[in-house]
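Below is one structure, written out as structure tokens; comments come after it.
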Amino acid sequence: MSADPHCIFCKIVEGKIPSRKVYEDDEILAFHDINPWAPVHFLMVPKEHLPSLAQVEPRHAGLLGRMLALAPKLALQEGCRPYPEGGHRVVINTGAEGGQEVHHLHVHVMGGPRPWLKG
Ligand code: 5GP
Ligand code: ZN
3 MSADPHCIFC
13 KIVEGKIPSR
23 KVYEDDEILA
33 FHDINPWAPV
43 HFLMVPKEHL
53 PSLAQVEPRH
63 AGLLGRMLAL
73 APKLALQEGC
83 RPYPEGGHRV
93 VINTGAEGGQ
103 EVHHLHVHVM
113 GGPRPWLKG
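If you want my numbering, it's the position in the sequence shown, counting the first as 1, plus 2.
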């Protein structure tokens with residue numbers, strides 16, 4: 003498993019920076035965002051250091067598919083109401099103009115009653 007020693011999400015994956023864990027398996031970690039925009043706001047990251055969606059290759063297709071398939075299940079677990087009345091938003095910011103601040107691929111999952119702080 004490759005890790006970037008300067009990457010904060012690699013440090014969270016390795017347990018060197020604490021986080022409030024939502025889910026973990028061999029290849030994926032999900033944890034609450036430190037600065038939530040919505041009543042439910044967690045991040046899903048691959049344990050492998052991948053800078054962004056722009057570096058994704060065909061070999062990552064299964065991993066990304068599993069992350070997307072997991073998002074609604076974890077959203078329900080974290081208190082989002084079911085689709086269609088409830089639901090959640092999934093966002094992957096990519097690059098500076100895409101609004102990406104942490105360069106370790108992450109999926110934002112946001113939900114819960116509106117209004118939200120942003121979005
Ligand atoms: P981006 O703008 O890169 O898409 O989102 C990065 C997200 O990571 C932001 O929503 C920010 O609040 C969150 N974040 C940054 N540093 C930490 C941290 O140390 N712990 C946690 N749990 N979230 C973080
Ligand atoms: Zn990383």
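Beta carbons: idealized from backbone N, C-alpha and C, even for Gly.
I need the residues with a C-beta less than 5 Å from some heavy atom of the ligand ZN; please give them in chain order.
Around the ligand ZN, the residues whose beta-carbon falls short of 5 Å from at least one of its heavy atoms are D6, C9, F11, C12, H51, H106, given in chain order.
Is V109 closer than 8 Å to E80 when the C-beta atoms are compared?
Not in contact: E80 and V109 (Cβ atoms no closer than 8 Å).
Does the ligand 5GP have even one heavy atom less than 7 Å from the beta-carbon of D35?
Yes, the beta carbon of D35 sits closer than 7 Å to at least one heavy atom of the ligand 5GP.
Tell me, to the nearest whole angstrom, how far the beta carbon of G121 is from that of H90; I am working on the premise that it is less than 8 Å.
With 8 Å as the limit, G121 and H90 do not qualify as a contact, their Cβ atoms being about 11 Å apart.
Compute every distance between the C-beta of H62 and the non-hydrogen atoms of the ligand 5GP, then say whether any falls below 7 Å.
Result no, Cβ not under 7 Å from the ligand 5GP.
Mapping DSSP to helix, strand and coil, what is V2?
Because the chain is modelled from 3 through 121, residue 2 falls outside the range shown and cannot be assessed.
Exposure of S4, with buried meaning 16 or more beta-carbon neighbours within 10 Å:
Exposed is the call here.
Whose CA, out of L45, C9, P60, E16, lies closest to the CA of A25?
Here residue 25 turns out to be Tyr, not Ala, going by the sequence shown. Closest option to Y25, Cα to Cα, is L45.
State the start and end residues of the unbroken alpha helix (DSSP H) segment that holds V15.
10-15 is the extent of the alpha helix (DSSP H) around V15.
Is the beta carbon of T111 sitting closer than 8 Å to the one on I10?
For the record, residue 111 in the displayed sequence is Val; it is not Thr. The Cβ atoms of V111 and I10 do not sit closer than 8 Å to each other.
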